[in-house]
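Input: a single structure, listed below in structure tokens.
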Amino acid sequence: MNPAVIFDMDGTLFQTDLILEPALEETFNQLREENLWDSETPLESYRSIMGVSLPEVWRTLLPNHTEEEREAANESFQKYLVEVIHRNKGALYPHTKDVLQALTEQSFSVFIASNGEEKYLHTIVQHFGLEKFIEDIYSIQSINGGNKGDLIRKLMIDHNISRGMVVGDRRSDIKAAKSNGLTAVGCKFDFSQEGELDGADLVIEDLSRVTDVASSHLLHVKKV
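Residues in the sequence shown are numbered consecutively from 1, following full-length UniProt numbering.
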């Protein structure tokens with residue numbers, strides 16, 4: 001099996017912040033109409049926990065609501081996220097397509113492993129024409145428990161991966177890489193908090209570095 005480069009989606013390949021506010025605002029407008037919310041939309045609270053599992057997101061944003069109300073809010077949110085993407089409000093980070101193309105040309109196997117829901121992830125990939133670069137997409141919905149390390153492990157077993165790296169912007173990505181013996185590359189873009197990428201083998205501030213990093217760490221072609 002070719003060495004693998006496994007990307008997170010939100011805050012790594014996709015500029016989630018561009019669609020977050022409108023989708024969350026529409027979700028909480030709906031909650032207000034249902035008399036289930038009477039204050040401001042908790043946008044900053046959501047930004048601070050980006051990357052955690054969706055059940056944890058809604059336990060944080062709606063701490064006094066029932067589990068059924070949280071599940072309904074998440075369903076609405078996922079629907080609005082997809083709608084906003086189709087309205088061309090979202091964007092990939094600069095150099096995303098160039099990096100993915102370069103990786104495939106160098107015979108890396110490219111995957112996405114994300115805490116996002118399956119429909120949301122596939123919508124991004126299809127909307128931005130990334131299908132030709134991505135070998136497979138893994139949503140946290142495909143496992144029980146919501147642990148990113150378990151998701152990466154499933155991906156590795158399914159595709160017989162023994163060498164690779166995880167590229168992501170949250171602590172969960174770094175831990176997932178380390179727990180599976182992979183190189184951890186932290187993306188210091190939009191959402192990572194101070195100290196969150198501690199433990200990464202390398203931290204980057206521009207996605208364009210990924211190609212050279214992959215060559216250096218996985219193919220030993222050159223030093224970065």
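Where is the CB? At the ideal position from N, CA and C, for every residue including glycine. Only a predicted model underlies this, so the values are computations on that prediction, with no experimental measurement involved.
Check: For I204: DSSP bridge partner residues; Outcome: C187
Check: Assumed close pair G11, D198 - CB separation to whole angstroms, cut-off 8 Å; Outcome: With a Cβ gap of about 17 Å, G11 and D198 do not count as contacting.
Check: Three CB pairs or more closer than 8 Å across the stretch 92-106 and the stretch 146-157; Outcome: no
Check: Three-way DSSP call (helix, strand, coil) for S114 in this model; Outcome: strand
Check: Beta-carbon separation (whole angstroms), H164 vs S139, contact threshold 8 Å; Outcome: In the sequence as presented, His is not what sits at residue 164; that position holds Gly. The pair is not a contact, with the Cβ atoms about 19 Å apart (cut-off 8 Å).
Check: Whole-angstrom distance between T96 and N144, CA atom to CA atom; Outcome: 30 Å
Check: 8 Å Cβ shell around I134 - same chain, five flanking residues per side excluded; Outcome: L100, V110, F111, I112, V125
Check: Cα-Cα separation, I204 to D169; Outcome: 10 Å
Check: First and last residue of the uninterrupted beta strand (DSSP E) at G168; Outcome: 164-168
Check: Buried/exposed call for S114, threshold 16 Cβ in 10 Å; Outcome: buried
Check: In chain order, each alpha helix (DSSP H) run of at least 4 residues that lies wholly inside the stretch 59-140; Outcome: 67-86, 96-105, 118-127
Check: Own chain, CB closer than 6 Å to D201, minus 5 neighbours either side, in chain order; Outcome: T183, A184
Check: Residues bridged to A177 (per DSSP); Outcome: In the DSSP output, where bridge partners are listed per residue, A177 has none listed.
Check: 8 Å CB neighbourhood of S142 in its chain, flanking five on each side removed; Outcome: E118, L151, K154
Check: Alpha-carbon to alpha-carbon, S172 and V52; Outcome: 8 Å
Check: Contact check, L54 vs N35, beta carbons under 9 Å; Outcome: no
Check: Three-way DSSP call (helix, strand, coil) for V52 in this model; Outcome: coil
Check: Contact the stretch 82-89 vs the stretch 19-27: 3+ CB pairs below 8 Å; Outcome: yes
Check: Under 9 Å between C-beta atoms of L61 and P42; Outcome: yes
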